[in-house]
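> So for the sequence shown, the working numbering puts the first residue at 17; every next one is plus one. Cβ atoms here follow ideal geometry from the backbone N, Cα and C, with glycine treated the same way.
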Amino acid sequence: MFSIGIPAFKGKFLKECIASVLSQTYTNFELIIVDDCSPDPIADIVNQFSDTRIRYYRNESNIGGLNVVDNWNKCLALATGDFFVLLGDDDKLELNYLEVFSELILTYPNLDVFHCRSIIINEQSLPVRLTPINPNFEDIYDYVFGCLTSKREQFISDFVYRVATLRENNGFYKLPLAWTSDYLSSFVACGSKGIAHTNELIFNYRVNDGSITSTGGYVIKWDALIHYFNWIKELSERKGDDVFIEIKKNEIRTAYHKALSIGKISFIRQIVGDKGIIQGLVYIFKVRKKYGLTFTDFIGSLASSITDKILRH
17 MFSIGIPAFK
27 GKFLKECIAS
37 VLSQTYTNFE
47 LIIVDDCSPD
57 PIADIVNQFS
67 DTRIRYYRNE
77 SNIGGLNVVD
87 NWNKCLALAT
97 GDFFVLLGDD
107 DKLELNYLEV
117 FSELILTYPN
127 LDVFHCRSII
137 INEQSLPVRL
147 TPINPNFEDI
157 YDYVFGCLTS
167 KREQFISDFV
177 YRVATLRENN
187 GFYKLPLAWT
197 SDYLSSFVAC
207 GSKGIAHTNE
217 LIFNYRVNDG
227 SITSTGGYVI
237 KWDALIHYFN
247 WIKELSERKG
257 DDVFIEIKKN
267 EIRTAYHKAL
277 SIGKISFIRQ
287 IVGDKGIIQG
297 LVYIFKVRKK
307 YGLTFTDFIG
317 SLASSITDKI
327 LRH
């Protein structure tokens, strides 16, 4: 059985979200809705549906966006199924989402994490673009390399996890604002077994100004990104693999250094854009050791800014 958890806070698209779950062609599932003490009428929206598969809970106090992964894991703790889907309250599933994943699980019965291709939709629920295609199967090294080199695009809700494994891993990987939590959760679940993908377009991710990925401080997000990069660095330094895995790890190390450099340049630009040149430079000097910022990174950010201005004109 599938357990679908919705950590709900925004009511605007929740009815559409719930309706997409209840319309599934594969019917063996439960729907767990955890209301994060929202000011929106979440309970009223849920009560519009009469379905015994729905279980509604309301937190006594608001967990909030900074610690939103705690609400994700609360949904997981309430699950009674074998496989788990975490669904954003403004996203929606295609009718055959669970059916396609059930077939993928049967094809790869020993894996613990499964992924699908997604449709990006706007606030009017109209498709605006598609995420890239993926190979049917990847080991952890190919998967991480693909993510590092921007050949993958993913969201928390285009994954299905084996519940037992996710719980053994202490639930979803907690980082502030859930920034890169979807990536690290899938990396950990992938482990030594690998990950299976389907290129069926069965999930709709909504782009809107109110989503957590559109909010939050850049410093908090950079702190999370550092954690993400450190995890990848540790993966690339593991010992005892065969020659082909060593080649893959070398490729990851190269991609890691490039991605980290790009990230630092972006971070510096955000600091200067937020604080201004003088205060920005003072702040960069203060945090340079904490974040490993170098003079080369600063020059790179300056060159990037100049290039952008030239291209805009």
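Within the chosen definition, does the stretch 240 to 259 reach the stretch 116 to 135 through at least 3 CB pairs nearer than 8 angstroms?
No contact exists between the stretch 240 to 259 and the stretch 116 to 135.
> Quick check on the burial criterion: 16 or more other C-beta atoms within 10 angstroms. Buried or exposed for K302?
With fewer than 16 Cβ atoms within 10 Å of its Cβ, K302 is classed as exposed.
> Select from T123, S66 and F130 the residue whose C-alpha is nearest the C-alpha of H213.
Of the listed residues, the one whose Cα sits closest to H213 is F130.
> Pull up the distance between the alpha-carbon of T310 and that of A35, whole angstroms please.
About 51 angstroms.
> What did DSSP end up calling L191 once you bin it into helix, strand or coil?
Three-state result, L191: coil.
> Using a Cβ distance threshold of 8 angstroms, determine whether the stretch 110 to 117 contacts the stretch 32 to 52, with at least three qualifying pairs required.
Touching, yes, given that three or more Cβ pairs across the two stretches are closer than 8 angstroms.
> Pull the bridge partners of E154 from the DSSP assignment, please.
Paired residue(s): I211.
> Do you know offhand how far Q170's Cα is from D198's?
Approximately 8 angstroms between the Cα atoms of the pair.
> Along the chain, where does the alpha helix (DSSP H) containing C15 start, and where does it finish?
Lying before the first or after the last residue shown, residue 15 is absent from the chain, which here runs from 17 to 329.
> I'd like the list of long-range same chain contacts for V179, defined as Cβ closer than 8 angstroms, with 5 residues on each side in sequence excluded.
Around V179: S19, L92, A95, G97, D98, F99 and F100.
> So is P151 buried or exposed if we call it buried at 16+ other beta carbons inside 10 Å?
It counts as exposed.
> Using the three-state DSSP reduction, which class does E250 fall into: helix, strand or coil?
Reduced to three states, the DSSP call for E250 is helix.
> May I have the straight-line CA-CA distance separating F29 from D51, to the nearest angstrom?
Approximately 14 angstroms between the Cα atoms of the pair.
> Please look up how many angstroms separate the CB atoms of Y177 and A205, rounded, as I've assumed it's under 8 angstroms.
Their Cβ separation, rounded to whole angstroms, is 6 angstroms, which keeps Y177 and A205 in contact under 8 angstroms.
> Between the beta-carbon of Y221 and the beta-carbon of D174, is there less than 9 angstroms?
Yes, the Cβ-Cβ distance between Y221 and D174 is below 9 angstroms.
> For G81 versus D56, is the C-beta distance shorter than 9 angstroms?
Taking 9 angstroms as the Cβ cut-off, G81 and D56 do not qualify as a contacting pair.
> One question on the structure: do L102 and F188 come within less than 9 angstroms of each other, judged by their Cβ atoms?
Contact flag set, yes.
> According to the Cβ coordinates, are G210 and D258 closer than 9 angstroms?
Against a cut-off of 9 angstroms, the Cβ pair of D258 and G210 comes out as no contact.
> Put A24 into one of helix, strand or coil per three-state DSSP.
Looking at A24 - three-state DSSP - the assignment turns out to be strand.
> Provide the residue(s) that pair with F175 in DSSP beta bridges, ordered along the chain.
Looking at the DSSP assignment, F175 forms a beta bridge with H131.
> With a CB to CB cut of under 7 angstroms and the five nearest residues on each side skipped, what residues in its chain are close to T196?
Closer than 7 angstroms at the Cβ level, and outside the excluded window around T196, lie A240, L241 and Y244.
> In whole angstroms, what is the alpha-carbon distance linking Q88 and K31?
Note that residue 88 is Trp in the sequence shown, not Gln. Taking the straight line joining both Cα atoms gives about 19 angstroms.
> Is DSSP giving Y113 helix, strand or coil here?
Three-state DSSP puts Y113 in a helix.
> Taking 7 angstroms as the limit between beta carbons, can you name the residues of its chain near K291, skipping five residues before and five after?
Closer than 7 angstroms at Cβ, skipping near neighbours: Y299.
> How long is the line joining the alpha carbons of K108 and I294, rounded to whole angstroms?
Approximately 45 angstroms, taken between the alpha carbons.
> For K108, list the residues DSSP reports as bridge partners.
The partner list for K108 (beta bridge, DSSP) reads N220.
> In angstroms, rounded to a whole number, what distance separates the CA positions of G232 and K265?
Because the pLDDT at G232 is just 47, under 50, the model does not fix this residue reliably, and the value given afterwards should be weighed accordingly. Distance between the alpha carbons of G232 and K265 is about 33 angstroms.
> Short check: CB of I22 to CB of G104, under 9 angstroms?
Yes.
> Tell me, which residues are paired with F18 by DSSP?
Answer is F45 and F99.
> Which of helix, strand or coil does DSSP assign to R71?
Three-state DSSP puts R71 in a strand.
> Which partner residues of D146 appear in the DSSP bridge assignment?
A small fix is needed here, since residue 146 is Leu in this sequence, not Asp. I135, per the DSSP bridge assignment.
> Apart from the five residues just before and just after N215, which ones in its own chain have a Cβ nearer than 7 angstroms to its Cβ?
Correct list, in chain order: R133, I149 and N150.
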